[in-house]
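Reading through the structure tokens given below for one structure.
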Amino acid sequence: LGSPFWAINAAVFMDVWKTTPFVVILLTAGLQVILKDLYQAARVDGAGRWDIFTRIVLPLLKPVILVVLIFRTLDAFRVFDAIYVLTGGGPANTTETLSIYAYKVLFQTLQFGYGSTLAVVVFLCTGGISIFYIRMLSRGVKL
17 LGSPFWAINA AVFMDVWKTT PFVVILLTAG LQVILKDLYQ AARVDGAGRW DIFTRIVLPL
77 LKPVILVVLI FRTLDAFRVF DAIYVLTGGG PANTTETLSI YAYKVLFQTL QFGYGSTLAV
137 VVFLCTGGIS IFYIRMLSRG VKL
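Sequential numbering from 17 applies to the sequence shown in the working numbering.
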């Protein structure tokens with residue numbers, strides 16, 4: 017973890033390792049909601065596996081995929097604990113996220129106004145991203 021290349025790769029690997037099971041559980045739950053009758057009706061109509069996937073499974077999974085995107089985007093934007101424990105934002109600040117930077121400004125340099133402003137910016141950005149995804153979900157926008 018002494019080089020920037022390995023530090024960022026280790027952080028990405030750890031985040032993927034930590035969150036993949038949650039994503040798989042959500043997608044599996046979404047797949048279980050799809051009625052078996054739809055698969056059978058598509059097979060009777062002569063649809064192949066690719067047609068079933070693109071015309072039945074994927075459209076019915078779009079709300080679940082958007083929920084997963086909301087969770088993963090917000091988690092990635094607000095990541096603090098894993099990177100702080102792993103590298104502390106180093107080496108040479110290559111793994112420093114906005115949350116870690118706000119923490120360092122707020123508690124290490126004791127710049128309370130600037131640190132609080134950074135925390136509010138993180139909050140507003142995550143709120144804006146959430147609103148964007150929720151509007152996409154409510155409109156039924158195609159991915």
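Just so you know, even glycine gets a beta-carbon here, dropped at the ideal spot from N, CA and C.
Note that the structure is a prediction, hence the values are computed from the model and not measured.
Fewer than three pairs of CB atoms, one per stretch, sit closer than 8 Å, so the segment 88-95 makes no contact with the segment 68-79. Between the C-alpha atoms of GLY129 and GLU112 there is a straight-line separation of about 20 Å. Under the 8 Å Cβ criterion, the segment 78-89 does not count as touching the segment 57-69, having fewer than three qualifying pairs.
Using a 10 angstroms sphere on the CB of VAL136, the tally of other CB atoms stays under 16, which defines it as exposed. Contact between the segment 115-122 and the segment 134-148 is established, with three or more Cβ pairs separated by less than 8 Å. Scanning the segment 113-145 from its first residue to its last, the whole alpha helix (DSSP H) runs of 4-plus residues come out as 114-119. The beta carbon of ALA108 is closer than 8 Å to those of PRO20 in its chain, skipping five residues each way along the sequence. Judged by their CB atoms, PRO79 and LEU153 are nearer to each other than the 9 Å cut-off. The Cβ-Cβ distance between MET30 and LEU114 does not fall below 9 Å. Shown here, THR110 sits in coil according to DSSP, grouped into three states, outside any helix or strand. The three-state secondary structure of ILE50, taken from DSSP, is coil. For ILE86, the enclosing alpha helix (DSSP H) starts and ends at 74-93.
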